[in-house]
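Asker: I have a structure I would like to understand better, so I am pasting it below and will then ask my questions one at a time.
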Amino acid sequence: AAVSTHDFTRETEKLPEVSYHLLERQLAKRLYLTLDSVSGYYDRTRSDDDAGRSVNIARLSYDWNLGQGVGITPFVEGEGTWYSETRARDDGSDEFRFSGVAGITAQARFHRAYAGRWGFSSFKHILVPSFTYSYRPDASLESDDTPRLDALDDVPGRSRIEGKIDNIFLGRDEVLDEEWQVARLSFYHGNDFENETRETQDYEVEFDIRPRP
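Residue numbering for the sequence shown follows the working numbering, starting at 1 and increasing by one per position.
So, in structure tokens, the structure goes:
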């Protein structure tokens, strides 16, 4: 649950929210299913958006290895969302929104070992570049009629490309002989070719360091 704490911000209250996530359940060889479900009642402060909502997303992906360290993953995703009320409130009835997306991810993997220092017997650097193209047709519910409660309601029709580079550093302790991820540096960029509301460009940099396991 979440409540609004300041009257000058547009926060979304959750009263309450329940979620369920099934992560990559293998259905057949190389075929995986992912399920996400988020339900609750939401009130967007300083706006007229308040409704009960249930978001349910299913994703199928196929892990296709082209060779050592190179893979392609096509995927399809379907979403069904129920709203107790929408912005078109003439009759006050509930409404469903259906949306889908299809795309493909190409990913490579390179690694190199280095001599150790600072109490480590050795290091390994793993470089994982990936590119994803996805296309999402327009949703069944118009964008202007959809409540704007949080990011789960933003499902515009779009054509999008995304790129990511993960730098993963593994270290092995020379005394305990344990190995773990010592550091990770990730770069991400996303760009819309087509968007129902507005074209966006996203940039993210994430750094994680863990000197001890």
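We put the CB at the ideal spot given by N, CA and C, even for glycine.
Could you spell out the range, first to last residue, of the beta strand (DSSP E) harbouring E24?
Answerer: For E24, the enclosing beta strand (DSSP E) has its first and last residue at 12 to 28.
Asker: Tell me, which residues are paired with F110 by DSSP?
Answerer: L127
Asker: Less than 8 Å between the CB atoms is what I'm expecting for A51 and Y83, so what's the real figure, rounded?
Answerer: 5 Å
Asker: Could you tell me which residues DSSP pairs with V289 in its beta bridges?
Answerer: Limits of the chain in this structure are 1 at one end and 213 at the other, which puts residue 289 out of reach.
Asker: Quick check on A1: does DSSP put it in helix, strand or coil?
Answerer: coil
Asker: Taking A113 as the reference, which of V205, I126, I104 has the closest Cα?
Answerer: I126
Asker: Measure the beta-carbon distance from A1 to L35 and round it to whole angstroms, keeping in mind my assumption that it falls under 8 Å.
Answerer: Not quite, the Cβ-Cβ distance comes to about 23 Å (not below 8 Å), so this is no contact.
Asker: Which value, in whole angstroms, describes the spacing of the CA atoms of K124 and T132?
Answerer: 26 Å
Asker: Excluding sequence positions up to five away, which residues of its chain have a Cβ less than 7 Å from the Cβ of L27?
Answerer: L33
Asker: Can you tell me whether A151 is buried or exposed, with buried defined as 16 or more other CB within 10 angstroms of its CB?
Answerer: Answer is exposed; the Cβ neighbour count stays below 16.
Asker: For V175 and S54, I'd like the C-alpha separation in whole angstroms.
Answerer: About 51 Å.
Asker: Per DSSP, E81 is paired with what?
Answerer: A small correction: the amino acid at residue 81 is Thr; Glu does not occupy that position in the sequence shown. Beta-bridge pairing links T81 to V55, R97.
Asker: Which residues does DSSP list as the beta-bridge partners of V38?
Answerer: DSSP output for V38 lists S19, V55 as bridge partner(s).
Asker: Is A151 helix, strand or coil by DSSP?
Answerer: helix
Asker: From which residue to which residue does the beta strand (DSSP E) around E204 run?
Answerer: In the DSSP assignment, E204 falls within the beta strand (DSSP E) that extends over 201 to 209.
Asker: If the criterion is Cβ atoms closer than 8 Å, does the pair A106 and D145 meet it?
Answerer: In this structure, D145 does not lie closer than 8 Å to A106 by Cβ.
Asker: Is the beta carbon of V76 less than 8 Å from the beta carbon of L66?
Answerer: Judged by beta-carbon spacing, L66 lies beyond the 8 Å limit of V76, meaning their Cβ atoms are not closer than that value.
Asker: Mapping DSSP to helix, strand and coil, what is S143?
Answerer: helix
Asker: Going by C-alpha distance, which of N56, R30, P211, I209 is nearest V38?
Answerer: It is N56 whose Cα lies nearest to the Cα of V38.
Asker: Taking the beta strand (DSSP E) that G190 falls in, what are its first and last residues?
Answerer: 179 to 195
Asker: I'd like to confirm the pairing. Which residues does DSSP put opposite S61 in its beta bridges?
Answerer: Y32, F75
Asker: Does the distance between the C-beta of P129 and the nearest non-hydrogen atom of the ligand COA fall short of 7 Å?
Answerer: Ligands are entirely absent from the displayed structure, and the ligand COA is therefore not among its contents.
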